[in-house]
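Undergrad:
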Amino acid sequence: GGGEEIVSQPLDAVVFCTGYDYKFPFLDSEIGVDVRDRGVRPLYKHMYFTKDPSLVFIGLPWKVAPFTMFDCQTRHAGTSAGGK
130 GGGEEIVSQP LDAVVFCTGY DYKFPFLDSE IGVDVRDRGV RPLYKHMYFT KDPSLVFIGL
190 PWKVAPFTMF DCQTRHAGTS AGGK
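In terms of this note's numbering, the sequence shown opens at residue 130 and continues consecutively.
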């Protein structure tokens with residue numbers, strides 16, 4: 130119902146990470162993700178890597194209601210990946 134169109138798009142990878150210190154040893158340092166002072170930069174909306182918006186970080190902000198925010202972020206990233 131509701132006339133919503135579902136768009137499916139293949140992903141290269143989904144990586145689940147947990148913890149309090151941000152470390153991404155699986156990312157090539159050449160791409161430019163800067164991790165310092167308990168933050169990850171450069172990100173748009175605390176999620177999208179500005180140099181390649183297909184790289185999305187979910188759940189980084191920590192002064193929030195976490196699970197509600199995670200849900201909103203995953204919905205936004207999914208919608209964005211679908212081109213909307």
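By construction, the Cβ of each residue, glycine as well, lies at the ideal position given by its N, Cα and C atoms.
Can you grab the Cα-Cα spacing for the pair residue 194 / residue 144, in whole Å?
TA: 22 Å
Undergrad: Using a Cβ-Cβ cutoff of less than 6 Å, which residues in the same chain neighbour residue 156 once the five nearest sequence positions on both sides are dropped?
TA: 162
Undergrad: Is residue 167 helix, strand or coil when you go by DSSP?
TA: Three-state result, residue 167: coil.
Undergrad: How big is the Cα-Cα spacing for residue 204 and residue 210?
TA: 10 Å
Undergrad: Pick helix, strand or coil for residue 199, following the three-state DSSP scheme.
TA: Here residue 199 sits in helix by DSSP.
Undergrad: Work out the CA separation of residue 188 and residue 167 for me, nearest whole Å.
TA: One C-alpha to the other measures close to 13 Å.
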